[in-house]
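Report on the structure given below.
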Amino acid sequence: MHPLLLEFGEFQIYAYGFFIVLGAALGYLFLSQSAHKIYGVDKDKISSLLLWIFVTAFIGGKVLFYLEDPRLYIENSSRMLTNLGNGFVFFGSLLFAVPTTIWFFRKEGWNVWGMLDLLAFTALIVHAIGRIGCFMAGCCHGVPTDSLFGVTFIDPACQAYPLNTPLHPTQLYEFLTLTVIFIFLFWFRKFKSFDGQLFLLYLILYSIGRSIIETVRGDEERGYLIDEVLTHSQTISIMLILIAIVVYFRKWRSQ
């Protein structure tokens, strides 16, 4: 849509970065307030936690992005240093950030599973608002479509391809999916029967939603494990669903 959000002379604010920062700020407010209210966690500790999450999520998102087409970066390693602010895979960020988060919780002596429940809401907030940034930048777009949902990107600065062609707005599909999951979990929290239940439901529900959305994704960078059949993200989604279901029922039975 509009990759460049605001411009004042030489000062420019890009939509993708703006919405990532906005999501991170709102996520911090939610997590710091909730953790302090429920577990008495020092808000300064939450700042340190989010710094760890940001760094590991950045690294993980880039690593999985590079692994989607490793030959491209092996043949020309300089590509890895260009556009460091673009090209991230959410599941890479998730797979790197969660172990780091658990380590931090244990180091501080916090309720690990209870804090993961709060972190699920935080992740949903950051991710959902970040997808608006993706939509503005044109990345993570869908395949061409004749349906009434099609959105046409015309700004040459957009990453969407092809331009001037209606595409599935998969960014908005994911934003709506994340919003629905947030609303559901916020309602379901009143019926929570064990710590970690909300986090595990988040993994299951998001992975299912992401797998469905992947069927109309059109950006070529995502990569396939099986050409035109199974993407990398769908593969990770299936693995996460299976693992989360096993852990869910083990914890549920233990109660």
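The numbering of the sequence shown is the working numbering, which starts it at 160 and goes up by one. Don't be surprised by glycine CBs; every beta carbon is placed ideally from N, CA and C.
- DSSP, reduced to helix, strand and coil, places Ile261 within a helical segment of the structure shown.
- If only complete runs of 4 or more residues are kept, the segment 304–375 shows the alpha helix (DSSP H) at 329–347, 356–372, in order along the chain.
- Note on geometry: alpha-carbon atoms of Ala287 and Pro303 lie some 23 Å from one another.
- Taking the CA atoms as reference points, Ala174 sits about 8 Å from Ile291.
- Burial check for Glu333: the Cβ neighbour count within 10 Å reaches 16 or more, so the residue is buried.
- Between the beta-carbon of Trp346 and that of Phe263 there is about 28 Å, and that puts the pair past the 8 Å contact cut.
- If you check the CB distance, Leu209 and Tyr187 come in under 8 Å.
- Residue burial is scored here from C-beta neighbours: Val200 has at least 16 other C-beta atoms within 10 angstroms and is therefore classed as buried.
- Counting only the Cα atoms, Leu322 lies some 13 Å from Pro328.
- Collapsing the DSSP output to three states places Gln171 in a strand.
- With at least 16 other beta carbons inside 10 angstroms of its own, Gly289 counts as buried.
- Between Ile172 and Leu185, the beta carbon gap of about 17 Å keeps them out of contact (Cβ cut-off 8 Å).
- Judged by DSSP in its simplified three-state form, Gly301 adopts strand.
- Excluding its 5 nearest sequence neighbours in each direction, Gly219 has C-beta neighbours in its own chain below 7 Å: Gly251, Ser252, Leu254, Phe255, Ala256, listed in chain order.
- The beta-carbon distance between Pro162 and Gly297, rounded to whole angstroms, is 7 Å. This is short enough to meet the 8 Å contact definition.
- Counting other Cβ atoms within 10 Å of its Cβ, Thr374 stays below 16 and is therefore classed as exposed.
- Exposure of Tyr198 is indicated by the presence of fewer than 16 other C-beta atoms within 10 angstroms of its C-beta.
- Lys349 sits exposed, since fewer than 16 C-beta atoms from the chains shown fall within 10 Å of its C-beta.
- Per the C-alpha coordinates, the member of Ala282, Gly168, Lys351 positioned closest to Leu181 is Ala282.
- Take Val310, set aside five residues on each side of it, and the residues of its chain with a beta-carbon closer than 7 Å to its own are Pro325, Leu326, Pro328, in chain order.
- In terms of Cβ geometry, Cys299 and Asp378 form a close pair [threshold 8 Å].
- Rounded to whole angstroms, the Cβ separation of Leu360 and Leu344 is 6 Å, and the two are in contact under 8 Å.
- Distance between Ala194 and Ile261, taken at the CA atoms: about 15 Å.
- Residue pairing for Ile385: DSSP places it in a beta bridge opposite Leu389.
- Annotation for Ala183: Leu209, Phe213, Val285 place their beta carbon closer than 8 Å to its own, counting only its chain and skipping 5 residues before and after.
- Contact between Asp354 and Trp272 is confirmed by a C-beta separation of about 4 Å, below the 8 Å threshold.
- Boundaries for Met160: no alpha helix (DSSP H) harbours it, and the DSSP string shows neither H nor E there.
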